[in-house]
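A short write-up of the structure that comes next.
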Amino acid sequence: MNIIINDGKANLIDFEGTCIKPFLFTTYPQFLQYTGPKIFELKKEIENYDELDEIEQQQYEFMFNRTRNQLYWEFSINERRKELLGIISPAIKVIKNSYISALDLKSPKDYLYVENGLIELKEMWEHYNEHGLIDHKENPIKLSDDELRFFQVALQDYQSELSSLPFIATKGWIPQDMFTNLINQKMLVKDENDNYKIDEEKILA
30 MNIIINDGKA
40 NLIDFEGTCI
50 KPFLFTTYPQ
60 FLQYTGPKIF
70 ELKKEIENYD
80 ELDEIEQQQY
90 EFMFNRTRNQ
100 LYWEFSINER
110 RKELLGIISP
120 AIKVIKNSYI
130 SALDLKSPKD
140 YLYVENGLIE
150 LKEMWEHYNE
160 HGLIDHKENP
170 IKLSDDELRF
180 FQVALQDYQS
190 ELSSLPFIAT
200 KGWIPQDMFT
210 NLINQKMLVK
220 DENDNYKIDE
230 EKILA
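Residue numbers (my numbering): 30 to 234.
Here it is as structure tokens:
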């Protein structure tokens with residue numbers, strides 16, 4: 030909140046969200062934000078999905094639902110506002126990916142998404158320049174082969190970590206309906222500080 034004094038009168042003004050930027054530089058709406066691993070088909074992409082315990086299945090279902098909802102949003106733009114379709118263009122996504130990732134950092138390791146965006150843009154720079162998508166002939170992104178390998182391996186390891194630990198991609202946030210189900214199943218229990226935690230013994234039993 031900000032206080033502006035005018036003629037002795039104090040006014041409280043909330044500037045949050047008042048900055049309007051070009052639609053091309055926006056990303057998915059907040060309720061669709063998700064940067065974790067994408068899952069398009071649960072049983073095809075998740076090995077032995079039917080044999081996983083219930084909490085792991087629900088974690089993968091959350092990833093699948095977020096991936097699906099982002100696709101629905103893109104389809105909706107295509108159907109209703111074709112003049113805004115550029116925002117979901119693969120080329121535009123690559124060009125602005127690092128910028129969007131930098132705005133959406135949730136944990137220290139998320140910087141890997143920024144680096145990955147730069148790597149993708151570096152690889153496509155010449156192609157985009159030839160087709161007039163960018164207005165700068167010299168590629169400003171300089172990364173050695175060793176740096177490229179380091180960041181690619183680090184991102185793969187991070188995404189493996191995200192997909193193997195329950196709800197780490199959302200920093201422990203769980204959708205309300207799933208939260209209620211996990212309590213009823215006694216997968217979520219309260220600790221000595223009255224905070225909820227995952228009952229690891231029940232999961233591993």
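Idealized CB from N, CA, C, for every residue including glycine.
If you draw a straight line from the Cα of Leu100 to the Cα of Tyr128, it comes to about 21 angstroms. Secondary structure within the region 105–141: the alpha helix (DSSP H) runs of 4 or more consecutive residues, fully enclosed, are 119–132 (chain order). For the pair Ser173 and His165, the Cα-to-Cα distance works out to about 21 angstroms.
Rounded to the nearest angstrom, the gap between the Cα atoms of Tyr157 and Ala120 is 8 angstroms. Counting C-beta pairs closer than 8 angstroms gives fewer than three between the region 99–113 and the region 70–77, which falls short of the contact rule. Comparing alpha-carbon positions, the option among Phe52, Phe60, Lys122 and Leu113 lying closest to Arg95 turns out to be Phe60.
The region 207–215 and the region 81–90 touch, with no fewer than 3 CB-CB distances between them shorter than 8 angstroms. Taking the CA atoms as reference points, Leu134 sits about 22 angstroms from Arg178.
In the assembly as shown, Asn126 is a buried residue. Its beta-carbon has 16 or more other beta-carbons within 10 Å. Per DSSP, the continuous beta strand (DSSP E) segment holding Asn31 begins and ends at Asn31 to Asn35. In the same chain as Tyr187, and ignoring 5 residues on each side of it, the C-beta atoms closer than 7 angstroms to its own belong to Lys138 and Leu141, in chain order. Non-local C-beta neighbours of Pro66 in its own chain, meaning closer than 7 angstroms and more than five positions away in sequence, comprise Met92, Gln188, Leu191 and Ser192, ordered along the chain.
Scanning Asn35, Val143, Ile32 and Asp79 for the CA closest to the CA of Phe180 turns up Val143. Counting C-beta atoms within 10 angstroms of its own C-beta, Leu150 has 16 or more neighbours from the protein chains shown and is therefore classed as buried.
Taking each of Ile33, Cys48 and Lys50 in turn and checking the Cα distance to Ile42, the smallest one comes out for Ile33.
In the displayed model, Ile170 falls within coil according to three-state DSSP, outside both helix and strand.
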